[in-house]
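Whatever position you read off the sequence shown (first residue = 1), add 72 for our numbering.
We put the beta carbon where it would ideally sit given N, CA and C, even for glycine.
The structure under discussion appears below in the form of structure tokens.
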Amino acid sequence: MKGKAETSSKRLSSLDSLVQQYKLPEPVLVTRPTMPSFEEYCGRLKGIWERRWLTNEGELHRELERRLAEYLGVEHLSLFCNGTIALMVALQALRINGGEVITTPFTFPATPHVLYWNGIRPVFCDIDEKTFNLDPSRIEQHISADTKAILAVHVYGTPCDVEAIEEIAHRHGLHVIYDAAHAFGVRHKGESILQYGDLSMLSFHATKLFTTGEGGALVCQSEAQRKRINNLKNFGIADEETVIGPGINGKMNELQAAFGLLALETIEQEIENRRRLAGIYREGLRDIAGISFLEDIRDIRSNYAYFPIIIDEEQFGLSRDELHNVLKQFNIFTRKYFYPLCSHFPCYSALPSSAPSNLPVAERIARQILCLPIYGTLDEEVVQDICTVVRKLSESAHNL
Ligand SMILES: Cc1ncc(COP(=O)(O)O)c(C=O)c1O
Numbered sequence: 073m074k075g076k077a078e079t080s081s082k083r084l085s086s087l088d089s090l091v092q093q094y095k096l097p098e099p100v101l102v103t104r105p106t107m108p109s110f111e112e113y114c115g116r117l118k119g120i121w122e123r124r125w126l127t128n129e130g131e132l133h134r135e136l137e138r139r140l141a142e143y144l145g146v147e148h149l150s151l152f153c154n155g156t157i158a159l160m161v162a163l164q165a166l167r168i169n170g171g172e173v174i175t176t177p178f179t180f181p182a183t184p185h186v187l188y189w190n191g192i193r194p195v196f197c198d199i200d201e202k203t204f205n206l207d208p209s210r211i212e213q214h215i216s217a218d219t220k221a222i223l224a225v226h227v228y229g230t231p232c233d234v235e236a237i238e239e240i241a242h243r244h245g246l247h248v249i250y251d252a253a254h255a256f257g258v259r260h261k262g263e264s265i266l267q268y269g270d271l272s273m274l275s276f277h278a279t280k281l282f283t284t285g286e287g288g289a290l291v292c293q294s295e296a297q298r299k300r301i302n303n304l305k306n307f308g309i310a311d312e313e314t315v316i317g318p319g320i321n322g323k324m325n326e327l328q329a330a331f332g333l334l335a336l337e338t339i340e341q342e343i344e345n346r347r348r349l350a351g352i353y354r355e356g357l358r359d360i361a362g363i364s365f366l367e368d369i370r371d372i373r374s375n376y377a378y379f380p381i382i383i384d385e386e387q388f389g390l391s392r393d394e395l396h397n398v399l400k401q402f403n404i405f406t407r408k409y410f411y412p413l414c415s416h417f418p419c420y421s422a423l424p425s426s427a428p429s430n431l432p433v434a435e436r437i438a439r440q441i442l443c444l445p446i447y448g449t450l451d452e453e454v455v456q457d458i459c460t461v462v463r464k465l466s467e468s469a470h471n472l
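The following block contains the structure:
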């Protein structure tokens, strides 16, 4: 007992002195949006005021759809008010509104929730320990007579094994939908990652690389499909007298589109700034025992949307939770994306596929993952300071 109390008080006093020495002057959050020029945004707003056209496929909405399709290298894109509604509409567009869909538990809650809202039972499949994405070698064991589709997520923008997923889906006659909320601008062998599957969803939430505050898009494979999606996101209205089905209101408005048009002008710079910061993190953390991270992948143009690290408690000296909490004292605010796993939520935990024994890799990664701050306007020195704090914490944990 005495030994334990002594260790904790030693820990506290060495932590206090580290905090005094290395605390950052200002809080650093996991992300911050890069804002377009206020004056230029006001210029765009002036046009909206003059036209008095606020939503329903306005001029800026049409322009943003055109420019995004061009930038991303896709042909058919439809804008939305957010990514969640876009994913809801993706399932409706493919007429999937029952049965089962195979998906990952290592994602944001929206992914399984859109299945639930469409009357579909999520079936959780384990993930790959290197990419944190669906493990294709474990998908087939979950396919049943009720399976309609695979809903895969390009977690942190790292592409799924799209070829393996496509092959399995083709063999079993299943649809493939990608939650590409994190994968804006990611390219695979020079081609947009959004071209795979029946449909891909993008999120333009304030926490995302490309943002319109709230917003999103669906990328699909044909103009006919885009037309159906456009009707579904507008209450099912096809023309003044025709409603083709039970649609919803998923439209992006002109104020969001104006923001997006300006954000698009600086997106390459944003990715380049993040690429540099990711390089500094990798250099600063590489030789710290018990810390690992994702590396660049051959043939993939990454977007550096997140900087996740994996913490091996035994080697590092602190658990993920301890590191997450202690960093707050240094003004460093990290996030445990994605903990807890979606399979642990009360609405899904009773599903047979939610059993931890079915998801050993996801269970482990969710306990070890931590996303460090990364955004285009983050100072390089701050990233170096964060690496120093992580290193000092590990050293001091080992010296106790
Ligand atoms: C993987 C994933 N899917 C879906 C969403 C939902 O997108 P939105 O917030 O635009 O509705 C998010 C983020 O917010 C996400 O990270």
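Tell me which same chain residues have a C-beta within less than 6 Å of the C-beta of residue i, skipping the five on either side of it?
{"i": "A434", "result": "P177, F178, D198, I199, L413"}
{"i": "F365", "result": "I381"}
{"i": "S391", "result": "E385"}
{"i": "Q164", "result": "L304"}
{"i": "I474", "result": "It is not possible to answer for residue 474, since the shown part of the chain is limited to 73 through 472."}
{"i": "E201", "result": "V433"}
{"i": "A377", "result": "G229, H254, L281"}
{"i": "R116", "result": "A330"}
{"i": "G322", "result": "F152, C153, I157, V161, K305"}
{"i": "G119", "result": "none"}
{"i": "S275", "result": "G155, A253, G288"}
So, for residue i: in the same chain, excluding its five sequence neighbours on each side, which residues have a beta-carbon less than 8 Å away from its beta-carbon?
{"i": "K74", "result": "Summary for K74: the model assigns pLDDT 46, below 50, so the residue's position carries little reliability, and this model does not support an answer."}
{"i": "D368", "result": "S374"}
{"i": "I437", "result": "F178, I199, E201, F204, I382"}
{"i": "I168", "result": "N190, I192, K220, A221, H247"}
{"i": "L144", "result": "F256, G257, S264, L266, V291"}
Between which two residues does the beta strand (DSSP E) carrying residue i extend?
{"i": "H247", "result": "247-251"}
{"i": "K220", "result": "219-225"}
{"i": "I290", "result": "Per the sequence shown, residue 290 should be read as Leu rather than Ile. From DSSP, the beta strand (DSSP E) with L290 extends over 288-292."}
{"i": "D466", "result": "The displayed chain sequence assigns Ser, not Asp, to residue 466. Where S466 is concerned, there is no enclosing beta strand (DSSP E), although the alpha helix (DSSP H) it sits in stretches over 452-471."}
{"i": "L151", "result": "148-152"}
{"i": "R193", "result": "193-196"}
{"i": "L274", "result": "271-275"}
Ligand 1 heavy atoms versus the CB of residue i: any closer than 7 Å?
{"i": "N154", "result": "yes"}
{"i": "V291", "result": "no"}
{"i": "V258", "result": "no"}
{"i": "T183", "result": "yes"}
{"i": "S89", "result": "no"}
{"i": "G115", "result": "no"}
{"i": "F180", "result": "yes"}
{"i": "G288", "result": "yes"}
{"i": "V225", "result": "yes"}
{"i": "A253", "result": "yes"}
{"i": "S415", "result": "no"}
{"i": "S275", "result": "yes"}
Under the rule that 16 or more other beta-carbon atoms within 10 Å means buried, what is residue i, buried or exposed?
{"i": "C473", "result": "There is simply no residue 473 to check, as the chain begins at 73 and stops at 472 in what is shown."}
{"i": "L281", "result": "buried"}
{"i": "G287", "result": "buried"}
{"i": "H470", "result": "exposed"}
{"i": "F388", "result": "buried"}
{"i": "R134", "result": "exposed"}
{"i": "P318", "result": "exposed"}
{"i": "H242", "result": "exposed"}
{"i": "P418", "result": "exposed"}
{"i": "D88", "result": "exposed"}
{"i": "F204", "result": "buried"}
{"i": "R346", "result": "buried"}
{"i": "G262", "result": "exposed"}
{"i": "E239", "result": "exposed"}
{"i": "L442", "result": "buried"}
{"i": "A278", "result": "exposed"}
Return the chain-ordered list of same chain residues with a C-beta closer than 7 Å to the C-beta of residue i, the five sequence neighbours on each side being excluded.
{"i": "D359", "result": "none"}
{"i": "Q267", "result": "V146"}
{"i": "R463", "result": "I360"}
{"i": "E156", "result": "Note that residue 156 is Thr in the sequence shown, not Glu. The residues are A182, V186."}
{"i": "G170", "result": "G191, I192"}
Is residue i close to chain C? Criterion is C-beta to C-beta, closer than 8 Å.
{"i": "L423", "result": "No chain C appears in this structure, which consists of one protein chain only."}
Kindly indicate the opening and closing residues of the alpha helix (DSSP H) around residue i.
{"i": "F110", "result": "110-123"}
{"i": "V173", "result": "V173 -> not in any alpha helix (DSSP H); beta strand (DSSP E) instead, spanning 172-175."}
{"i": "L140", "result": "131-144"}
{"i": "I437", "result": "432-440"}
{"i": "V161", "result": "155-165"}
{"i": "R243", "result": "234-244"}
{"i": "P184", "result": "182-189"}
Exercise for the section: Run through the segment 295-380 for me and flag every whole beta strand (DSSP E) of 3 or more residues, listed as ranges in chain order. Expected result: 309-311, 363-365
Problem - 4 or more residues per run - each alpha helix (DSSP H) lying fully within the segment 380-408 - result: 385-388, 392-401
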